[in-house]
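Residue numbers (the numbering used here): 140 to 270. Heads up: the structure comes next, in C-alpha cells.
Below, the structure is given as C-alpha cells:
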C-alpha cells in the first residue's frame, strides 16, 4: 500500500514539474482601468458610454464568454472573437440616464475562459435633473 502511495505522489510531482517547465498555456486579461467615472451628466443626455480596454498578457487566446451587469439600465457590448496573446479587446458599457437622477455605481462582471477567474469593472457618476 505504501508503494502505491509513493508511486502516486511521484507521478503527481513529476507531472507538476513537467507542466511548470513546459509552461502551461493560459490567457490573462489586464485592463487599462477598472473604474470609469462619468462625473456629472444631465438626465437629458439619454445615455452615456465608456470603453474598458484590456490586453491578453497570457499565452493562449482569451475568450469573453459573457458579460453581466447589475441592472437593466447598463448595457454591455464586447469583443466576440478570441483575443490572441499580446492583442487587445474591449468592453463598451452604456448607461441609461433617463429617469435616474442621483449618484450611481454599477458593477460589470466579465466571464472568460480563464480558469477560476472573474473580472470586474465599474462605472459611476451622478445624473443631474434637467433644469
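Positions of the beta carbon are idealized from the N, C-alpha and C atoms, including for glycine.
How would you label residue i, buried or exposed, when you count the other beta carbons within 10 angstroms and need 16 or more for buried?
i	result
residue 198	exposed
residue 124	Residue 124 lies beyond the range of the chain shown here (140 to 270); nothing can be said about it.
residue 169	exposed
residue 206	buried
residue 195	buried
residue 242	exposed
residue 174	exposed
residue 163	exposed
Does DSSP put residue i in a helix, a strand or coil?
i	result
residue 183	helix
residue 201	strand
residue 220	coil
residue 189	strand
residue 194	strand
residue 254	coil
residue 153	Its pLDDT being 47, under 50, residue 153 is placed unreliably in this model, and the coordinates cannot settle the point.
residue 176	strand
residue 206	strand
Would you mind giving the Cβ-Cβ distance between residue i and residue j, rounded to the nearest angstrom? I have them listed as a contact below 8 angstroms.
i	j	result
residue 200	residue 222	7 angstroms
residue 192	residue 229	5 angstroms
residue 213	residue 232	6 angstroms
residue 224	residue 247	Actually they do not touch by this definition, with Cβ atoms about 24 angstroms apart.
From which residue to which residue does the beta strand (DSSP E) around residue i run?
i	result
residue 263	257-267
residue 168	168-170
residue 232	227-235
residue 246	241-251
CA-CA distance, residue i and residue j?
i	j	result
residue 217	residue 256	18 angstroms
residue 263	residue 165	32 angstroms
residue 258	residue 180	27 angstroms
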